[in-house]
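Student: Residue numbers (our numbering): 59 to 226.
Glycine included, every Cβ here is placed at the ideal spot set by N, Cα and C.
After the structure tokens below, expect a handful of questions from me.
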Amino acid sequence: MLTVYFAGGCFWGTQHYFKQIKGVVNTCVGYANSTIPHPTYHEVCTGMTMAAEGVEVQYDPAVVSLEFLIELYFKSIDPTSLNRQCDDKGTQYRTGIYYTNAEQQHIIIDTVTRLAKDYDRHVVVEIMQLKNFYPAEEYHQDYLDKNPDGYCHIHPELFELARKANMQ
Numbered sequence: 059m060l061t062v063y064f065a066g067g068c069f070w071g072t073q074h075y076f077k078q079i080k081g082v083v084n085t086c087v088g089y090a091n092s093t094i095p096h097p098t099y100h101e102v103c104t105g106m107t108m109a110a111e112g113v114e115v116q117y118d119p120a121v122v123s124l125e126f127l128i129e130l131y132f133k134s135i136d137p138t139s140l141n142r143q144c145d146d147k148g149t150q151y152r153t154g155i156y157y158t159n160a161e162q163q164h165i166i167i168d169t170v171t172r173l174a175k176d177y178d179r180h181v182v183v184e185i186m187q188l189k190n191f192y193p194a195e196e197y198h199q200d201y202l203d204k205n206p207d208g209y210c211h212i213h214p215e216l217f218e219l220a221r222k223a224n225m226q
């Protein structure tokens, strides 16, 4: 299994989206690249921690590639929107892909560069090494499974797209 981290606005919807994809074996919502250890949701919402609401995505590379995960991720975000996805505004809602090794870094940069050619505006997805990741409070984990009518910035049709996505 391999692990990569995605930030795509509110982590509730981003986690639910990735959970639909064949080959994703585990997800966890949390706070990526915080300037303070073990931040709380309240602290992250102040913008003072510089943490992004993110999702740890563990996946089986025999079933789904990192490139394919990034392509699907781009369908769930506006990669040209800085510190905002839909009604969610603030640095904690920025888009980002966080890698843990040089091989991931190259794949992410190459894939985002290729996908960016499809946009008229500058793509502002943050690409950087993961410095830290702190799991969010338990009530945030699998939030949309626990609260099916809960808030989500991702259109429900995209969950179906993720469920049906296949690399072949």
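(1) Are three or more beta carbon pairs between the segment 178-186 and the segment 134-144 nearer than 8 Å?
(2) Let me confirm a value: E218 is counted as buried when at least 16 other C-beta atoms fall within 10 Å, else exposed. Which label applies?
(3) Given a threshold of 16 other Cβ atoms within 10 Å of its Cβ, counted over all protein chains shown, does D146 qualify as buried or as exposed?
(4) Any idea what DSSP makes of A174, helix, strand or coil?
(5) Tell me the DSSP secondary structure of P137 in three-state form.
(6) Per DSSP, what kind of secondary structure is K147 in: helix, strand or coil?
(7) Nearest CA to the CA of P214: which residue from D176, N84, S134?
(8) Per DSSP, which one or two residues make a beta bridge with I185?
(9) Between which two residues does the beta strand (DSSP E) holding P193 run?
(10) What does the Cβ neighbour count give for I212, buried or exposed, with the cut at 16 atoms within 10 Å?
(11) Starting from E101, trace the alpha helix (DSSP H) in both directions and tell me its first and last residue.
(12) For the alpha helix (DSSP H) that T72 lies in, which residues bound it at each end?
(13) Any idea what DSSP makes of P116, helix, strand or coil?
(14) Identify whether Y209 lies in helix, strand or coil by the three-state DSSP scheme.
(15) For R142, which three-state DSSP category applies?
(16) Do Y156 and Q187 have their beta-carbon atoms positioned less than 8 Å apart in this structure?
(17) Classify T61 as helix, strand or coil using the three-state DSSP reduction.
Tutor: On the basis of the coordinates in this document:
(1) Enough Cβ pairs lie closer than 8 Å, so yes.
(2) By 1-based counting over the sequence shown, the position of residue 218 is 160. Exposed, because fewer than 16 other Cβ atoms sit within 10 Å of the Cβ of E218.
(3) As a first step, residue 146 is located in the sequence shown; it is residue number 88 there, counting from the start. D146 comes out buried.
(4) Locating residue 174 in the sequence shown gives position 116, where the first residue counts as 1. In the structure shown, A174 sits in a helix (DSSP, three-state: H, G or I).
(5) The residue you call residue 137 lines up with position 79 of the sequence shown. Shown here, P137 sits in coil according to DSSP, grouped into three states, outside any helix or strand.
(6) Counting from one through the sequence shown, the residue named residue 147 turns up at place 89. It is a strand residue.
(7) On the sequence shown, residue 214 is found 156 positions in, with the first residue counted as 1. For P214, the closest of D176, N84, S134 by C-alpha to C-alpha distance is S134.
(8) Locating residue 185 in the sequence shown gives position 127, counting from the first residue. DSSP output for I185 lists I155 as bridge partner(s).
(9) Translated into the one-based positions of the sequence shown, residue 193 becomes position 135. From DSSP, the beta strand (DSSP E) with P193 extends over 191-193.
(10) Here the question's residue 212 lines up with position 154 in the sequence shown. Its Cβ being crowded by 16 or more others within 10 Å, I212 is buried.
(11) Taking the sequence shown and counting its residues from 1, the one referred to as residue 101 is at position 43. Boundaries of the alpha helix (DSSP H) around E101: 99-103.
(12) Indexing the sequence shown from 1 puts residue 72 at position 14. Segment 69-77, the alpha helix (DSSP H) holding T72.
(13) What you label residue 116 is simply residue 58 of the sequence shown in a count that begins at 1. According to the sequence provided, residue 116 is Gln. The question's Pro does not apply to it. Here Q116 sits in strand by DSSP.
(14) Residue mapping note: residue 209 aligns to position 151 of the sequence shown, counting from 1. Note: Y209 maps to coil in three-state DSSP.
(15) Taking the first residue of the sequence shown as position 1, residue 142 is located at position 84. Of the three classes helix, strand and coil, the one that applies to R142 here is strand, per DSSP.
(16) One-based indexing of the sequence shown puts residue 187 at position 129. One-based indexing of the sequence shown puts residue 156 at position 98. Going by C-beta atoms, Q187 is nearer than 8 Å to Y156.
(17) In the sequence shown, residue 61 corresponds to position 3, counting from 1. DSSP places T61 in strand when its eight states are reduced to three.
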